[in-house]
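Numbering (our numbering), first residue to last: 1 to 291.
Cβ coordinates follow ideal geometry from the N, Cα and C atoms, glycine included.
A quick note: this is a predicted structure, and the numbers were derived from the prediction, not measured.
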Amino acid sequence: MLSVATCKRIEVGAVRGADAGGTSGSTTGSADDGGPTSDADGASSEAGSDAVVVDAIVVDAITLHVTGTAGPGCTGRRPEGMVEVGAPARGTPSGRWLARAAALEAASVPAFRRLARELEVHGAPQRLVRAARAAVAEESRHTILMARAARARGATPRAFRVPPMGVRPLLAVAVENAREGCVRETLGALTAVYQATRAADPALRAAFKEIVRDESRHARLAWEVNVWARSVLPTRVAHLVDDARREEGARLVSELACASTAPALARELGLPPAAIARSQARHARQALWAA
Ligand SMILES: [Fe+2]
Ligand SMILES: [Fe+2]
């Protein structure tokens with residue numbers, strides 16, 4: 001189980017052989033309205049408390065112990081073809097960071113809607129389809145939380161546009177899931193854990209606690225989709241999914257190698273120092289993504 005008793009340590013438990021078990025018009029959305037729309041079943045979450053307990057992230061025979069991690073710009077599942085429109089957000093540095101987070105959360109809404117549709121068409125277990133639909137509503141809620149915090153700091157999130165796209169072949173779905181879910185959403189969940197206890201503003205800590213609970217489920221969903229997709233893809237192409245995950249993990253480590261976070265910004269938002277972020281991303285790459 002992934003449990004965050006005090007949000008200081010994360011355990012990603014090993015689950016070997018995990019139970020794995022359309023077309024849409026162009027979408028325009030913004031973080032101001034919680035993303036484009038919501039069609040989810042809704043989702044449950046534990047009652048808020050200082051101790052945050054979330055579900056396990058399912059990986060294959062891996063145990064990872066992490067003491068916080070980070071990844072600016074790593075807070076969502078980006079849909080293919082997403083284009084941000086309008087001027088970059090203004091406001092305080094923390095407001096701009098939160099506005100960027102809100103935009104990424106908003107972009108996750110159509111990404112999960114598309115994933116749910118594609119999983120259904122490709123015959124994935126219904127519980128995976130339901131989890132993807134639930135994530136639509138959760139991402140919409142995250143958008144509202146981040147946009148509210150951004151606006152309180154004088155920043156307005158950018159809008160974005162997602163082109164119309166039909167149901168893609170399963171390989172394309174699995175590759176995107178590996179990059180955006182197994183790598184970026186997984187690290188995003190761990191980042192939120194760090195922020196949930198270290199952000200200076202109690203309201204922000206509460207928002208990140210809520211995000212932690214949901215994002216941990218999203219990360220688990222990504223790994224479960226990964227297990228299922230690899231089990232049904234032809235062997236001759238399944239390795240391409242692993243290649244994509246490794247490549248994205250390497251890219252993320254590379255991005256963090258060049259990243260720096262102003263100390264004041266890190267304190268206000270609870271972001272880990274860059275050295276810790278780099279260390280943890282390398283650890284995650286070694287233990288999770290490069291496997
Ligand atoms: Fe989110
Ligand atoms: Fe998510």
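Please report the straight-line C-alpha distance between histidine 239 and methionine 146, rounded to a whole angstrom.
36 Å
Taking only three categories from DSSP, how would you classify glutamine 280?
helix
Tell me whether histidine 239, by its Cβ, gets closer than 6 Å to a heavy atom of ligand 2.
No - ligand 2 has no heavy atom lying nearer than 6 Å to the Cβ of histidine 239.
Which residues have a Cβ closer than 5 Å to any heavy atom of ligand 1, listed in chain order?
Glu105, Glu139, His142
Any idea if threonine 235 is buried or exposed, counting beta-carbon neighbours within 10 angstroms, 16 or more meaning buried?
exposed
Specify whether the stretch 168-179 and the stretch 117-124 touch according to this definition: at least 3 beta carbon pairs, one from each stretch, less than 8 Å apart.
Judged by Cβ distances under 8 Å, the stretch 168-179 makes contact with the stretch 117-124, as three or more pairs qualify.
Following a CB-centred definition, is glutamate 185 positioned closer than 6 Å to any heavy atom of ligand 2?
Distances from the CB of glutamate 185 to the heavy atoms of ligand 2 include at least one below 6 Å.
Is the beta carbon of leucine 256 closer than 7 Å to that of tryptophan 281?
The question names tryptophan, but residue 281 is alanine in the sequence shown. The answer is yes: Cβ separation under 7 Å.
Does methionine 165 come out as helix, strand or coil in the three-state DSSP assignment?
strand
Does the distance between the C-beta of glutamate 255 and the nearest non-hydrogen atom of ligand 2 fall short of 6 Å?
Glutamate 255 Cβ: outside cutoff for every heavy atom of ligand 2.
Using alpha carbons as the reference points, say which of Arg127, Arg220, Arg78 lies closest to glutamate 105.
Arg78
Collapsed DSSP secondary structure at glutamate 84 in the structure displayed:
strand
Could you have a look at alanine 259 and say whether DSSP puts it in helix, strand or coil?
coil
Buried or exposed: which applies to valine 232, given that a residue is buried once 16 or more other Cβ atoms fall within 10 Å of its Cβ?
Under a 10 Å Cβ-count criterion, valine 232 is classified as exposed, with fewer than 16 other Cβ atoms of the shown protein chains found around its own Cβ.
What residue from Glu138, Pro157, Ala137, Ser140 has the CA that sits closest to valine 85's CA?
Pro157
Which two residues bound the contiguous alpha helix (DSSP H) that contains threonine 186?
In the DSSP assignment, threonine 186 falls within the unbroken alpha helix (DSSP H) covering 186-198.
Are alanine 102 and alanine 150 closer than 7 Å when you measure CB to CB?
yes
Could you give the uninterrupted runs of the alpha helix (DSSP H) lying entirely in the stretch 105-182, keeping only those of 4 residues or more?
126-151, 170-176
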